[in-house]
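A.B. asks: Chains as they are written, first to last, in my numbering: chain A, 45 to 494; chain B, 45 to 494; chain C, 45 to 494; chain D, 45 to 494.
A virtual CB, placed ideally from N, CA and C, is assigned to each residue, including glycine.
Treat the numbers as computed from the prediction; the structure is a model and nothing was measured.
Starting off with a structure, shown below.
There are 4 protein chains.
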Amino acid sequence: MSKLWDKGQPLNALIEQFEVGDDLVYDNQLVEADVYGSMAHAEMLERLGVLNAAELEEIRGRLQEVLALHAAGEFRMTPADEDVHTKIENYLVEHLGDAGKKIHTARSRNDQVLVALRLYAKQKLLEVEIALLSCAGTLAAFAAEHEMVPMPGYTHMQRAMLSSVGTWAGAYAEALFDDRLLLRAAYELNDQSPLGSAAAYGVPLPIDRQYVADRLGFARVQNNVLYAQNSRGKGEAAVVQALSQVMLDLSKLAQDTLLFTTAEYGFFTISDAMVTGSSIMPQKKNLSMMELMRAKANVMLALQQQTMGVLVGLPSGYNKDYQETKRPFMDAVDLALQSLAVVDLTVSNLQPQEERLLAACTPEIYAADRAYELVGAGVPFRDAYRQVGAGLSELPPIDARESLRRRTHLGASGNLNLPQLQATIADEGASARQKLEALKSHWQSILSKP
Amino acid sequence: MSKLWDKGQPLNALIEQFEVGDDLVYDNQLVEADVYGSMAHAEMLERLGVLNAAELEEIRGRLQEVLALHAAGEFRMTPADEDVHTKIENYLVEHLGDAGKKIHTARSRNDQVLVALRLYAKQKLLEVEIALLSCAGTLAAFAAEHEMVPMPGYTHMQRAMLSSVGTWAGAYAEALFDDRLLLRAAYELNDQSPLGSAAAYGVPLPIDRQYVADRLGFARVQNNVLYAQNSRGKGEAAVVQALSQVMLDLSKLAQDTLLFTTAEYGFFTISDAMVTGSSIMPQKKNLSMMELMRAKANVMLALQQQTMGVLVGLPSGYNKDYQETKRPFMDAVDLALQSLAVVDLTVSNLQPQEERLLAACTPEIYAADRAYELVGAGVPFRDAYRQVGAGLSELPPIDARESLRRRTHLGASGNLNLPQLQATIADEGASARQKLEALKSHWQSILSKP
Amino acid sequence: MSKLWDKGQPLNALIEQFEVGDDLVYDNQLVEADVYGSMAHAEMLERLGVLNAAELEEIRGRLQEVLALHAAGEFRMTPADEDVHTKIENYLVEHLGDAGKKIHTARSRNDQVLVALRLYAKQKLLEVEIALLSCAGTLAAFAAEHEMVPMPGYTHMQRAMLSSVGTWAGAYAEALFDDRLLLRAAYELNDQSPLGSAAAYGVPLPIDRQYVADRLGFARVQNNVLYAQNSRGKGEAAVVQALSQVMLDLSKLAQDTLLFTTAEYGFFTISDAMVTGSSIMPQKKNLSMMELMRAKANVMLALQQQTMGVLVGLPSGYNKDYQETKRPFMDAVDLALQSLAVVDLTVSNLQPQEERLLAACTPEIYAADRAYELVGAGVPFRDAYRQVGAGLSELPPIDARESLRRRTHLGASGNLNLPQLQATIADEGASARQKLEALKSHWQSILSKP
Amino acid sequence: MSKLWDKGQPLNALIEQFEVGDDLVYDNQLVEADVYGSMAHAEMLERLGVLNAAELEEIRGRLQEVLALHAAGEFRMTPADEDVHTKIENYLVEHLGDAGKKIHTARSRNDQVLVALRLYAKQKLLEVEIALLSCAGTLAAFAAEHEMVPMPGYTHMQRAMLSSVGTWAGAYAEALFDDRLLLRAAYELNDQSPLGSAAAYGVPLPIDRQYVADRLGFARVQNNVLYAQNSRGKGEAAVVQALSQVMLDLSKLAQDTLLFTTAEYGFFTISDAMVTGSSIMPQKKNLSMMELMRAKANVMLALQQQTMGVLVGLPSGYNKDYQETKRPFMDAVDLALQSLAVVDLTVSNLQPQEERLLAACTPEIYAADRAYELVGAGVPFRDAYRQVGAGLSELPPIDARESLRRRTHLGASGNLNLPQLQATIADEGASARQKLEALKSHWQSILSKP
């Protein structure tokens with residue numbers, strides 16, 4: 045099919061290939077969003093009198109067809125289609141004639157793309173939040189199951205003080221739980237409707253931007269038409285930034301897991317279905333997925349850099365450079381979803397080795413505890429510290445589990461507050477699932493008459 | 045003074061230099077925060093019975109002295125002090141003996157540093173929000189003043205459609221206004237108290253973490269002790285991420301300003317006090333500060349990369365690597381504050397050149413408008429588009445201001461909604477200033493008896 | 045087919061998907077390299093007595109088959125194949141039995157991958173150098189064709205001094221020409237044979253590493269077996285670094301081209317086959333490919349960051365993290381090759397608009413020239429500068445072409461030395477093409493008896 | 045003193061602060077380079093007749109004074125000086141009047157800055173190469189001293205095959221040795237003289253660019269005047285790229301060292317003068333400098349990103365944005381020099397713990413060796429691999445040192461070729477020191493009559 049702007053002169057093939065690249069692979073994920081956006085826009089055009097009622101219903105029918113074809117894997121794009129937006133408009137024109145030719149009234153591909161990306165962002169942020177809370181829940185359950193298993197706590201990669209498996213896993217559950225704050229800020233930024241901003245300069249027609257915003261389930265209209273366009277990449281970057289924080293948490297867990305499953309630590313084992321082997325050393329059991337997880341945090345940071353680097357110093361209004369934010373944005377979403385699933389599964393397959401863990405709780409990790417005992421006996425801490433430091437070799441044996449229980453302040457090994465954490469994670473997860481369902485229902489309803 | 049952990053063996057000088065670096069310059073900005081954190085901790089120790097009432101008041105007095113010395117520029121650190129936390133503890137020991145030696149009971153430098161960075165982050169985020177809203181206000185006022193001055197709207201750096209100076213400046217006002225959403229998420233992440241997590245493994249004493257959190261004005265306790273330490277860098281990264289978005293907006297404005305003040309565009313002039321000259325070309329007037337602003341967005345992204353790159357794959361518990369997140373974090377804050385002030389000032393000094401702007405509104409930018417007129421006459425948009433495209437040279441003259449007024453939908457040139465935008469910006473600015481004042485008062489009150 | 049390390053327990057499907065990802069797409073580009081590496085290794089094994097002469101020739105025949113299947117697009121990998129190296133070994137085992145099972149003697153997938161990536165790197169660096177020199181040649185020819193066309197020279201995006209189209213285009217020709225220095229350093233780093241380092245710890249067999257290095261056309265053996273493995277990613281990073289410099293040059297050219305084709309500058313036009321249009325504004329002619337080029341430099345820097353970020357802090361020996369350097373490395377190569385072709389084509393389609401260029405050479409750009417005239421009359425430069433600065437409005441008209449000719453020192457507009465530049469570029473291009481042909485012949489000869 | 049371009053209107057203070065920033069701190073390192081560049085330029089001006097012989101000698105004398113003042117720490121810049129180049133010109137004008145005012149004839153601050161940065165780059169690259177080869181020498185000596193001490197070789201952080209301390213340390217010696225290839229490419233790129241390109245558009249005077257290039261010891265003139273300016277940042281980026289590769293090698297060594305000194309590995313100990321302690325745990329000995337080293341690789345990558353990110357999409361000619369490449373460039377040089385010294389010292393203080401190392405060579409690391417034995421007995425490797433894999437628990441004991449010796453192929457534990465490596469490193473080090481001395485002598489000679 046022809047490009048929307050076709051003027052009769054074919055575009056050089058090398059240039060076309062350079063410009064389209066693998067954009068279509070990504071656009072394939074935007075078919076539904078573009079259908080919803082187009083439908084809301086068509087309804088508004090009908091209220092404006094640009095389309096009549098019959099045309100509107102024809103369009104509704106054809107857009108339902110597009111969704112059905114897409115679901116069946118039969119709505120495939122080719123480079124000549126340029127992008128998903130052109131492909132859908134061309135489909136309408138081909139099947140409807142004039143009604144199809146009218147649908148681009150009062151919009152531009154610029155705001156069309158913006159709408160599709162916002163709908164995609166909202167859905168994916170909720171999906172990530174659900175996966176995040178599932179993973180946090182698995183970690184909290186793991187913490188509860190092994191709450192009082194002693195393990196050395198490390199600083200500077202050296203044994204420092206007594207800790208517990210419950211503390212270790214609970215720390216990650218809380219970290220992931222906190223990440224939802226950043227996901228939600230990104231959601232709020234994306235939850236505004238750019239539709240009607242057209243090419244960034246509005247249109248000389250009395251369109252109803254509030255109507256389409258409501259129909260698409262946006263919290264509000266993004267007001268200034270130029271700002272709508274200038275914010276291309278901004279919402280996407282906010283998503284990738286939030287996901288980057290998630291990946292940092294996962295990379296830390298990966299590093300811990302890799303260390304704790306070495307022969308030298310031996311704190312955890314993992315089921316054979318999770319490991320890979322070597323082509324040359326028959327004994328090897330490698331946690332390759334955790335090595336990849338560590339590396340993937342760097343991949344995510346590179347996606348963050350790419351998404352944002354492209355935006356530096358772009359002048360106002362649409363610039364084709366923005367296309368280069370789509371791929372890292374959508375890759376970032378896929379990476380985060382996949383990574384959360386992998387970590388969720390990995391944690392479910394870890395087995396603490398209590399004997400090795402306890403054996404690693406060597407006397408020196410109680411040095412600070414011993415200093416606190418002296419504090420209890422009235423010695424100023426700094427003096428107690430020096431006194432214990434001078435007699436490290438004479439530290440008496442200590443019962444690890446007893447010692448864990450004695451740390452009773454908020455958040456310490458004897459008071460991790462895991463049941464409440466588990467309950468809150470479950471509540472928030474249920475709420476995110478509900479929100480996603482509501483959003484999807486709202487969108488599907490656009491394809492029914494209003 | 046000696047290091048807290050001094051064991052009699054001096055640290056190699058090269059290693060010391062490598063480890064301290066310019067950290068002290070940054071620590072100098074944390075004196076107040078450490079004093080507040082230390083005071084809250086001391087109060088808690090007194091309630092626990094570790095300090096008696098007299099010791100507590102001695103400590104309060106000496107910490108007041110530290111603040112006074114710092115305010116007078118006389119509390120300078122040297123490499124031998126290692127860091128601000130050591131320096132302050134050493135000061136107390138030196139002047140108070142045992143009372144000073146007791147203050148480190150039940151805390152570690154790890155949670156001490158975390159507290160100081162959180163207090164710093166909260167204060168600076170509010171300062172940035174104030175500067176951000178001031179700059180947004182200046183832009184909105186500029187938009188209101190020149191609301192109906194026509195200017196070409198660009199896409200792909202090519203003249204596209206009619207726009208206005210009001211639309212242009214209003215777009216930036218709204219962009220900055222949106223950035224506060226990200227600042228606030230970063231604030232919420234930082235608004236939890238790590239105090240009492242000690243070296244990440246808690247302490248075997250019944251400390252009251254909620255008390256110190258309340259005294260320091262934190263919204264809540266950060267529960268899991270290991271998570272508190274593992275989150276080192278996470279809150280900082282969230283701040284730098286939010287600031288990165290601000291800088292992207294400013295870099296776009298910088299690029300526009302640079303283009304619009306070239307001889308070729310000539311849309312804006314700027315007062316001579318803002319420009320620099322050339323060593324060799326006597327005629328030059330350069331907007332160097334806008335070029336720097338464009339570059340500084342890249343600097344900020346590098347700070348973001350550094351802050352987050354350091355965190356990838358660090359195992360649980362404190363690692364010295366974290367020190368390398370402090371410098372980019374604090375540099376990012378300074379950069380954002382300075383940049384907002386510079387842009388605020390720059391916008392105040394811009395003068396639109398109405399004649400040049402109008403002259404640039406050449407007939408082809410009305411092509412889409414003309415297509416819409418045909419739509420009004422019943423021609424399907426895609427046909428109208430082709431029809432106008434074929435007769436570009438015959439487009440009739442159009443009155444630009446009249447045309448601007450006719451774009452009446454939400455957010456278009458004739459309906460920018462600037463008065464409400466200005467009012468909201470002013471309200472939010474007042475609220476941020478109030479919040480900052482309240483925070484400072486709360487902190488200062490810690491130095492009085494509770 | 046089964047994995048090389050298969051132990052009977054199937055790998056979890058989610059983990060498998062996470063680990064293989066789109067790696068196979070990239071591996072598809074390494075089939076030839078792995079065949080060459082395997083063949084050289086097999087020859088060496090025969091000299092060692094591990095294979096007999098008949099087995100060697102069977103292997104040679106089957107590897108020729110692999111190449112033929114690959115050329116016909118029939119050697120496709122599936123996730124179950126794990127990677128290209130497994131696929132090829134499995135192919136040999138399937139068709140040859142014991143001879144196939146012997147080929148992995150004294151090597152590991154680790155050194156196998158290293159060899160394949162080095163061969164790929166060497167070939168691609170030569171291809172990039174050829175494309176680079178072609179593009180430099182096009183620019184030099186463009187410079188020669190329009191050598192004396194006046195154009196303003198800019199500093200700070202403001203008109204500064206008189207320049208010429210020859211100077212402008214020649215600057216890019218020389219920039220690209222310099223980039224080959226960096227390509228060649230990357231080549232030298234990659235031009236050492238890792239084969240025989242096995243899993244990084246060598247093998248207890250008297251293998252002949254020099255023989256395989258010579259057979260594969262490497263300049264030398266990479267000696268230390270652990271260094272061979274530790275250098276995974278290092279050679280790749282050096283390639284991406286060199287390509288990043290190329291992309292920076294291209295992004296500058298893109299920005300210039302975008303500016304110079306705006307309505308405001310109007311210095312260049314470009315043929316219609318190179319531009320794209322707008323879905324809403326029928327008049328638009330956009331140089332989208334130059335906007336993308338600008339953005340792609342950021343993409344390349346993100347690839348550089350990814351390739352290198354993954355390497356930070358990896359412990360000695362192979363880590364699966366390295367897999368994440370393959371994709372950005374190979375993407376970077378493809379991006380550079382495509383970008384050079386696009387710029388080459390773009391420059392060929394630019395047309396300087398002499399009238400607009402001359403009109404932009406407004407009197408103030410001669411201010412420095414006028415100051416030099418006063419210097420010629422004995423006025424100290426700094427005084428002349430001030431004198432001219434005070435009388436900017438009275439500068440007399442100057443003949444631009446005459447003035448260009450009068451700049452006769454090395455590298456100035458009147459002495460750009462273009463013929464020699466063109467000759468050198470042509471020579472170097474021929475030499476790179478020759479080197480690439482020789483390399484390919486050398487490799488193909490491995491499939492014949494030695 | 046006044047700015048070179050001063051037109052009577054003072055620059056706004058906030059803008060001045062934003063533009064100068066801490067640039068002067070960095071400029072302080074460029075005093076010598078600017079003096080040499082100015083002197084060469086002055087000599088050329090005398091040959092051109094702009095200066096007479098007496099004026100030239102006065103300038104020579106005053107520039108010698110500047111060097112002497114600088115050496116005494118008395119040539120300090122203030123923000124009002126703008127930069128080192130202005131400061132030096134102002135000094136000459138103040139003391140010499142007309143002769144000083146003439147020195148800026150036929151040059152611009154643009155080429156002046158370029159010259160200074162190139163001279164700085166050349167000197168620093170040689171200093172880094174010397175430090176690099178010293179560190180490589182220390183590693184090679186360490187390898188030789190402990191050549192046959194067995195240690196497990198790791199892949200995927202799991203014990204894999206037998207290795208040796210000699211192999212481990214030798215791998216790093218070779219890695220650093222290879223890095224000099226990249227340093228040298230960066231050197232070659234910087235080894236061309238930009239002097240005479242002025243503001244990027246040359247001058248209408250018959251200056252002798254070859255003369256000044258020779259006087260300053262450049263290998264050649266950078267021809268095209270605009271390319272000279274467009275290459276600002278390019279040479280700097282090449283330096284930072286090469287240093288980034290060095291830092292990646294050091295970060296790997298840091299990670300290994302951190303792992304190998306944990307309680308769990310216990311392979312190395314380090315002298316007490318190298319470690320730091322904890323404020324709360326009296327037993328701790330932390331290798332903080334190695335943690336920092338790991339983090340500093342990320343810092344370096346951020347510097348690389350900053351240096352290069354700033355360059356993306358800058359239009360031709362000088363843009364103030366370039367100033368933001370100076371700081372990361374010079375920081376990168378300092379960081380690399382310091383890091384190499386720290387690693388050099390650290391390696392000198394490591395002590396292998398032979399018993400722990402040998403104890404870690406557990407039977408399974410000989411699995412591949414055992415498979416090779418079966419290969420020796422005629423079993424195809426893939427079958428031997430499966431056979432050994434099935435009987436891992438029955439592997440017989442093996443003499444580690446004997447086994448190390450039996451790996452006799454190039455680069456394996458029994459044939460590391462350390463004496464030749466040490467000799468080559470020593471030779472290259474001597475040659476780099478010689479080259480640096482020659483360069484410095486050449487520069488100092490400029491201050492004597494030619």
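Which bits of chain D does M318 of chain B rub up against, with CB to CB less than 9 Å?
C.D. replies: To locate residue 318 of chain B, count along the second sequence from 1; it is residue 274. Simply L55, N56 and I59.
A.B. asks: On a Cα-Cα basis, can you pick out the residue from D:E398, D:S295 and D:M205 that is closest to Q327 of chain A?
C.D. replies: Sequence index remark: in the first sequence, residue 327 of chain A carries index 283 (1-based). Of the candidates D:E398, D:S295 and D:M205, the one whose C-alpha sits nearest the C-alpha of Q327 of chain A is D:M205.
A.B. asks: Using only the alpha-carbon positions, how far apart do L355 of chain B and Y362 of chain B sit?
C.D. replies: Residue 355 of chain B sits at position 311 when you count from the first residue of the second sequence. Residue 362 of chain B sits at position 318 when you count from the first residue of the second sequence. Taking the straight line from one Cα to the other gives about 11 Å.
A.B. asks: Roughly how many angstroms separate the alpha carbons of R400 of chain B and F312 of chain B, rounded to a whole number?
C.D. replies: Reading the second sequence from its first residue, position 356 is the one you call residue 400 of chain B. Reading the second sequence from its first residue, position 268 is the one you call residue 312 of chain B. So the two alpha carbons sit approximately 9 Å from each other.
A.B. asks: Which first and last residues belong to the alpha helix (DSSP H) in which R253 of chain A is found?
C.D. replies: In the first sequence, residue 253 of chain A corresponds to position 209, counting from 1. Looking at the DSSP string, the run of the alpha helix (DSSP H) that includes R253 of chain A is R253 to R259.
A.B. asks: On the DSSP bridge assignment, give the partners of P196 of chain D in chain order.
C.D. replies: Along the fourth sequence, one-based indexing puts residue 196 of chain D at 152. According to DSSP, which records beta bridges pairwise, P196 of chain D is partnered with D:L206.
A.B. asks: What's the C-alpha gap between M374 of chain B and A428 of chain A?
C.D. replies: In the second sequence, residue 374 of chain B corresponds to position 330, counting from 1. In the first sequence, residue 428 of chain A corresponds to position 384, counting from 1. Cα to Cα, the separation comes out at about 35 Å.
A.B. asks: Can you tell which of D:W487, D:L292, D:E308 and D:G473 has the C-alpha that lies nearest to the C-alpha of L336 of chain D?
C.D. replies: Within the fourth sequence, numbered from 1, the residue matching residue 336 of chain D stands at position 292. Comparing Cα positions, the closest option is D:L292.
A.B. asks: Taking only three categories from DSSP, how would you classify P123 of chain D?
C.D. replies: If you number the fourth sequence from 1, residue 123 of chain D lands on position 79. The answer is helix: DSSP assigns P123 of chain D an H, G or I state.
A.B. asks: Taking CB distances under 8 Å as the criterion, tell me whether M45 of chain D reaches chain C.
C.D. replies: Taking the first residue of the fourth sequence as 1, we reach residue 45 of chain D at position 1. Low local confidence applies: a pLDDT of 44 at M45 of chain D is under 50, so the model's placement there is unreliable, and no value is given.
A.B. asks: Chain B beta carbons: is any one of them nearer than 8 Å to that of A376 of chain C?
C.D. replies: Locating residue 376 of chain C in the third sequence gives position 332, counting from the first residue. No, A376 of chain C does not count as interfacial toward chain B.
A.B. asks: In terms of residue numbering, what span does the beta strand (DSSP E) encompassing Q495 of chain B cover?
C.D. replies: In the structure as shown, chain B begins at 45 and stops at 494. Residue 495 of chain B is therefore absent and cannot be evaluated.
A.B. asks: Assign A341 of chain B to buried or exposed, taking buried as 16 or more other Cβ atoms, counted over all protein chains shown, within 10 Å of its Cβ.
C.D. replies: Residue mapping note: residue 341 of chain B aligns to position 297 of the second sequence, counting from 1. The residue in question, A341 of chain B, is buried, as its Cβ has 16 or more Cβ neighbours within 10 Å.
A.B. asks: Which residues does DSSP list as the beta-bridge partners of F312 of chain B?
C.D. replies: Working through the second sequence from its first residue, we reach residue 312 of chain B at position 268. In the DSSP output, where bridge partners are listed per residue, F312 of chain B has B:P396.
A.B. asks: Just checking: is the beta-carbon of F311 of chain A within a distance shorter than 8 Å of some beta-carbon in chain C?
C.D. replies: The residue given as residue 311 of chain A occupies position 267 in the first sequence. No, F311 of chain A lies away from the interface with chain C (no Cβ there is under 8 Å from its Cβ).
A.B. asks: Cβ of L270 of chain A within 8 Å of Cβ of A215 of chain B?
C.D. replies: Position 226 of the first sequence holds residue 270 of chain A. Position 171 of the second sequence holds residue 215 of chain B. In contact: L270 of chain A and A215 of chain B (Cβ atoms closer than 8 Å).
A.B. asks: Is DSSP giving R264 of chain D helix, strand or coil here?
C.D. replies: Your numbering for residue 264 of chain D matches position 220 in the fourth sequence. If DSSP states are grouped into helix, strand and coil, R264 of chain D belongs with the strands.
A.B. asks: Per DSSP, S152 of chain D forms a beta bridge with which residues?
C.D. replies: Residue mapping note: residue 152 of chain D aligns to position 108 of the fourth sequence, counting from 1. In the DSSP output, where bridge partners are listed per residue, S152 of chain D has none listed.
A.B. asks: How is the alpha helix (DSSP H) around E87 of chain D delimited, first residue to last?
C.D. replies: Start at 1 with the first residue of the fourth sequence, and residue 87 of chain D comes out as number 43. Looking at the DSSP string, the run of the alpha helix (DSSP H) that includes E87 of chain D is V75 to L92.
A.B. asks: Provide the residue span of the alpha helix (DSSP H) that contains D443 of chain C, from first to last.
C.D. replies: Along the third sequence, one-based indexing puts residue 443 of chain C at 399. D443 of chain C -> no alpha helix (DSSP H), and no H or E assigned at all.
A.B. asks: Answer yes or no: do A213 of chain A and A77 of chain A have a C-beta to C-beta separation smaller than 8 Å?
C.D. replies: On the first sequence, residue 213 of chain A is found 169 positions in, with the first residue counted as 1. On the first sequence, residue 77 of chain A is found 33 positions in, with the first residue counted as 1. Not in contact: A213 of chain A and A77 of chain A (Cβ atoms no closer than 8 Å).
A.B. asks: Please compile the residues from chain C whose C-beta is within a distance smaller than 8 Å of the C-beta of A346 of chain A.
C.D. replies: Here residue 346 of chain A refers to the residue found at position 302 when the first sequence is read from its first residue. Within 8 Å Cβ-Cβ: A346, L347, Q349, Q350, G353 and P372.
A.B. asks: List the residues of chain G that V432 of chain A touches, going by C-beta distances under 7 Å, in chain order.
C.D. replies: No chain G appears in this structure, whose protein chains are A, B, C and D.
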